[in-house]
Amino acid sequence: MKLTWRRLPLKLIAWVIYALLAAGIVYGIIGLVRLNGSVFFIQAILDGLKLGFVYALIALGYTMVYGIVRLINFAHCDVFMVGAFASYYAITRFGWGFVPAILLAMVVCILLNITIERVAYKPLRNAPRITALITAIGVSFFLEYFTALKFAFGADYITYKRPFEVVVWDIGGVLISNITVIIVAVTILLLLLLLYVINKTKIGKAMRATSLDKTAARLMGINIDGIITLTFAIGAALAGAGGVLYAIAFPQIWTFMGIMPGMKAFVAAVLGGIGNIGGAVIGSLLMGEIEVLTVSFVPFGSRLRDLFAFLVLIIVFIVKPTGILGEPQVEKV
Amino acid sequence: MAILEITDLHVSYGAIRALQGISFNIEQGEIVTLIGANGAGKSTTLRTISGLLRPIHGDIRYQGNSITRVPAEKIVKLGISQVPEGRQIFSKLTVRENLEMGAFTRKDKQEIEESMERVFTSFPRLKERLKQLGGTLSGGEQQMLAMGRGLMSRPSLLLLDEPSMGLAPILVEEIFSIISRINADGVSILLVEQNAAMALSIANRGYVLETGKIALAGTAAELLSNPLVQTAYLGES
Ligand SMILES: Nc1ncnc2c1ncn2[C@@H]1O[C@H](COP(=O)(O)OP(=O)(O)OP(=O)(O)O)[C@@H](O)[C@H]1O
Ligand SMILES: [Mg+2]
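Chains as they are written, first to last, in our numbering: chain X, 1 to 333; chain C, 1001 to 1237.
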């Protein structure tokens, strides 16, 4: 859009509003720090980071699958839940440690997600998009209620047994637990691995090529079905790891535990720009911070946290539907 | 021996019958051109050969074997490569990555690098832009990249869909001389073109496609001197 003289006042007003908003946020933060002390504030930021990293592990699966098949895999949050349960059984029944438990969770989730794709989504590859979307919701319900049956995971809340003792360090009043350290370390490790695969390996480049232009990708000799399977597998592995980390951080699991973090990770993916990997990470970290800062500083924050999180979705849809890093979608035939 | 033999090919998009029984062949080492107006079915023909579309009837034989039911990704491996209409460059991949995708079916890294060097001798401009994103290239450069990418699989048969589309006359000349050179290196070529004069100037033989049927066939010289071709496709009166 060209800047014309008539539009200039409008632009100025918009900028003034942005400036006021920014000033308000800065003023608010300074006030909060004054009132509660910087230690409290840093603590909240750290906790938000912990949550945000877990969201990132879930959001990546939403965004990658969307990038390849243009489908919101609503069952993704239930794959996350299954990851938490798989590790729970590994830890309590077999006495496994953290590393084997998280690896098992990832493998179980990969198998589950690949099966979901084969059985539920693949037959609908050429159907209208809404059909696949409704199917995804159906798969999600199925997983939640089926696993809640007695012979499966059961319908009760279960206390998750952490595979290690919690250690808390006091650094100048800010409390850091080994849980935070492990969450951040595992997530960054997986992220680096993902970035390496996507950007440096032949199969990763083929994934990006496929998300850009499926027909051209086929003309290169790329097997689209294989790429789709791989995408569901990678998304599931990350979600599985996320499920374990989430259960370690908030040690209570049940078969509906995936819904809230799943929704928030989905909002994070949209906030960052759906289909965009960097966007999913940025969006997730923002969502984690928004949530924890709300709980810490807003009156009745613990009740408003979910409201604020979903308010973000509405604001994104109004202000920039394509998200922070997303670009305008050109619908292709 | 014919490298490609098409017999009575019928292809539909739902109710739209895009190809209604076309037959033609390409001999080893030939340039064959397929000319015709918009919507005649030229791209449909190429898409069907590449395995992107399934014919409802008819047979496609490549080097003597039927490939009618072979999936697209295997057809590339067999040695048929397509440079599609509108280039279809991977816009967010670099020029180098685009070329690497062209070699997706190949394993040997050393040989792939050699092929890339060969592409650069035909299209030196690509070498200067290796790190640039495909989508930021000019139209002409994108055509060069699309052709380079198509050559990276080391095809025996190259399908070109309107390589001159939207290019300046000088560039069209350059592209066509490169097509001749690729052919001289032993690659058989099926060339779809709107620019019939240009296409016939480098082709051995040609076919004229009209609404899903072959209306005329002949050597390039025969078609160039055919009055029907002259009025309808060469813009002479
Ligand atoms: N995806 C599609 N769905 C439905 N009809 C199609 C589709 N693609 C092509 N057609 C129809 O099939 C016929 C042949 O199309 P095709 O693209 O093969 O023509 P073409 O000879 O390549 O034309 P152009 O010179 O414009 O590229 C046309 O009538 C077109 O409308
Ligand atoms: Mg065409």
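C-beta atoms are modelled at their ideal positions from N, C-alpha and C, and glycine is treated no differently.
Query, Result
"Per DSSP, cross-strand counterpart(s) of C/Asp1161", "C/Val1192"
"Contact check, C/Ala1072 vs C/Gly1051, beta carbons under 9 Å", "yes"
"Residues that C/Ser1153 contacts on chain X, provided the C-beta gap is smaller than 8 Å", "Met220, Gly221"
"Residues near ligand 2, criterion Cβ-heavy atom distance below 7 Å", "C/Lys1042, C/Ser1043, C/Glu1085, C/Asp1161, C/Glu1162, C/Val1192"
"Residue-chain proximity (C/Met1144, chain X), Cβ-Cβ < 9 Å", "no"
"Exposure of C/Leu1167, with buried meaning 16 or more beta-carbon neighbours within 10 Å", "buried"
"Any 3 or more C-beta pairs closer than 8 Å across the stretch 211-221 of chain X and the stretch 1110-1123 of chain C", "no"
"Through-space distance from X/Pro123 to X/Gly154, alpha-carbon basis", "31 Å"
"Inter-residue spacing [alpha-carbon to alpha-carbon] between C/Ile1170 and C/Ser1138", "15 Å"
"CB contact check: X/Lys202 to chain C, cutoff 9 Å", "yes"
"Contact under 9 Å by Cβ, C/Asn1025 with C/Ala1040", "no"
"Cβ-based contacts, 7 Å cut-off: residues of the stretch 1031-1057 of chain C near chain X", "Ser1050, Leu1052"
"Chain X contacts made by the stretch 1081-1112 of chain C, where a contact means CB separation under 7 Å", "Gln1082, Pro1084, Gln1088, Phe1090, Ser1091, Lys1092, Leu1093, Glu1097, Glu1100, Met1101, Gly1102, Phe1104, Thr1105"
"Closer than 8 Å at the beta carbon, the chain C residues around X/Lys205", "Leu1093, Glu1097, Glu1100, Met1101"
"Test item: CB-CB of C/Gly1064 and C/Ser1081 under 9 Å", "no"
"Beta carbon proximity, C/Ala1072 to chain X, threshold 9 Å", "yes"
"Buried versus exposed, by CB contacts within 10 Å (16 or more), C/Gly1150", "buried"
"Through-space distance from X/Ile30 to X/Val330, alpha-carbon basis", "Low confidence applies to X/Val330: its pLDDT is 48, below 50, so where it sits in the model is not reliable enough to give any reading."
"C/Leu1209: CB within 8 Å of a non-hydrogen atom of ligand 1", "yes"
"Where C/Val1266 meets chain X, residues with beta-carbon distance less than 8 Å", "Because residue 1266 of chain C is not part of the residues shown, which for chain C are 1001 to 1237, the question remains open."
"Local Cβ density within 10 Å of X/Ile110, reported as buried at 16 or more and exposed below that", "buried"
"Separation of C/Arg1125 from C/Asn1226, as counted between CA atoms", "39 Å"
"Alpha helix (DSSP H) segment containing X/Trp15, residue limits", "8-36"
"Beta strand (DSSP E) segment containing C/Ser1081, residue limits", "1080-1083"
"Pair within 9 Å by beta-carbon distance, C/Val1208 and C/Ala1217", "yes"
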